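Numbering (full-length UniProt numbering), first residue to last: 1 to 315.
Glycine residues also receive a C-beta, built at the ideal position from the N, C-alpha and C atoms.
All figures in this text were calculated on a predicted structure; none of them were measured in a lab.
See below:
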């Protein structure tokens, strides 16, 4: 894969919500086609392994400009997600809160040039159809310091864990996301820029028109309940999920919250020796301590592989 060894990309956000990108190009180091294919196969192989991840989406108008004016974007539908993608929070002490300082990282891309990254339009976290709203193919892999065992909070679409050792903070973007930085007609040219240096910071998640969604996972039964948490706004990270059952005798909530545990990625599970009694209420807590309660969100006749939208969203 071609690599611009000295390239840099700096971002700044104005009070009006516009984001400016400044690029400084270095000397390119070009790998031949066989080497590029081997690298791509390695990445795809790693991404196919089970592992955790998270996915988030932003909205807003964005303007990106290079120093030389070669690449300009002004698009609320495409560039907004992209710039937020490159403004991911590193879930570490250096950038623990929204609005923190800028940190250095590197960006690459993988998969189909105009794809969403993973071949199945999903990812290791359990999200699917990332080529559709609200993800719109603006996806990325995040390495361990960014991902932090699935508890990273980002206004970005992270659908896979990236183990390829590029830098301390590494965003491996989908072809669509990487190419979206370019002016119309120059997408492929930008994708051939290879590895670039970027700066990033955390910004709030905003899933316009969507509340927190719970998707019951395949294999769930009265003694094993697993659910995927989607569209967690603002902080973006759910660090704890609790379940409340319904009292079979009274038909009312028991008032007792039972902690669930992370199964993998954004999937939480609860294993019991006795059958669980639905409907279920679910309580989610974000990494900043904010809590939302979706009362009776899972009905008595729940089914695996079914979405159950809530009427709550993080404030």
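**Request:** For the alpha helix (DSSP H) holding residue 232, just list the boundary residues, first then last.
**Result:** Neither: residue 232 is in no alpha helix (DSSP H) and is coded neither H nor E.
**Asked** In its own chain, which residues sit with a C-beta less than 7 Å from the C-beta of residue 191, not counting the 5 before and 5 after it?
**Response** 109, 113, 175, 178, 179
**Asked** Alpha carbon to alpha carbon, how far is residue 309 from residue 212?
**Response** CA-CA distance, residue 309 to residue 212, rounds to 6 Å.
**Item:** Proximity winner among 278, 243, 286, 197, relative to residue 249 (alpha-carbon distances)
**Value:** It is 278 whose Cα lies nearest to the Cα of residue 249.
**Asked** Any chance the region 226-245 sits against the region 280-300, with 3 or more Cβ pairs inside 8 Å?
**Response** Per the Cβ contact rule, the region 226-245 is in contact with the region 280-300 (3 or more Cβ pairs under 8 Å).
**Message:** Am I right that residue 196 and residue 107 are in contact with their C-beta atoms under 8 Å? What's the rounded C-beta distance?
**Reply:** 5 Å
**Prompt:** From this set, 254, 281, 230, which residue's C-alpha is nearest residue 314's C-alpha?
**Reply:** 230
**Message:** Closest to residue 311 by C-alpha separation, out of 210, 239, 266, 244, would be which residue?
**Reply:** 210
**Message:** At 3 residues or longer, what runs of the beta strand (DSSP E) sit wholly inside the region 204-246?
**Reply:** 213-216, 224-230, 238-246
**Item:** Assigned secondary structure, residue 176 (DSSP; H/G/I helix, E/B strand, else coil)
**Value:** Secondary structure at residue 176: helix, using DSSP grouped into helix, strand and coil.
**Request:** Count the C-beta pairs between the region 218-229 and the region 268-278 that are closer than 8 Å, then say yes if the count reaches three, no if not.
**Result:** yes
**Message:** By the DSSP assignment, the beta strand (DSSP E) with residue 114 in it spans what residues?
**Reply:** Where residue 114 is concerned, there is no enclosing beta strand (DSSP E), given that its DSSP letter is neither H nor E.
**Prompt:** Can you find a heavy atom of the ligand SAM that lies under 7 Å from the Cβ of residue 255?
**Reply:** The ligand SAM is absent from the structure shown, which contains no ligands of any kind.
**Message:** Does residue 190 come out as helix, strand or coil in the three-state DSSP assignment?
**Reply:** helix
**Burial state of residue 129, where buried means 16 or more other Cβ atoms lie within 10 Å** = exposed
**Request:** Measure the alpha-carbon distance for residue 243 versus residue 224 and round it to whole angstroms.
**Result:** 12 Å
**Which of helix, strand or coil DSSP assigns to residue 23** = Note that residue 23 scores 38 on pLDDT, short of 50, meaning its location in the model is unreliable; the coordinates nonetheless yield the value given after this. Strand at residue 23.
**Prompt:** How is the beta strand (DSSP E) around residue 291 delimited, first residue to last?
**Reply:** 291-298
**Request:** Report buried or exposed for residue 316, applying the criterion of at least 16 other Cβ atoms within 10 angstroms of its Cβ.
**Result:** Any question about residue 316 goes unanswered here, given that the chain covers just 1 to 315.
**Prompt:** Would DSSP call residue 315 helix, strand or coil?
**Reply:** Three-state DSSP puts residue 315 in coil, outside helix and strand.
**Prompt:** Helix, strand or coil: how does DSSP classify residue 129 here?
**Reply:** Residue 129 sits in coil when the DSSP states are folded into three classes, being neither helix nor strand.
**Request:** Name the residue from 205, 301, 251, 206 whose alpha carbon lies nearest to the alpha carbon of residue 216.
**Result:** The option with the nearest alpha carbon to residue 216 is 301.
**Item:** Residue environment, residue 221, which counts as buried when at least 16 other CB atoms sit within 10 Å
**Value:** exposed
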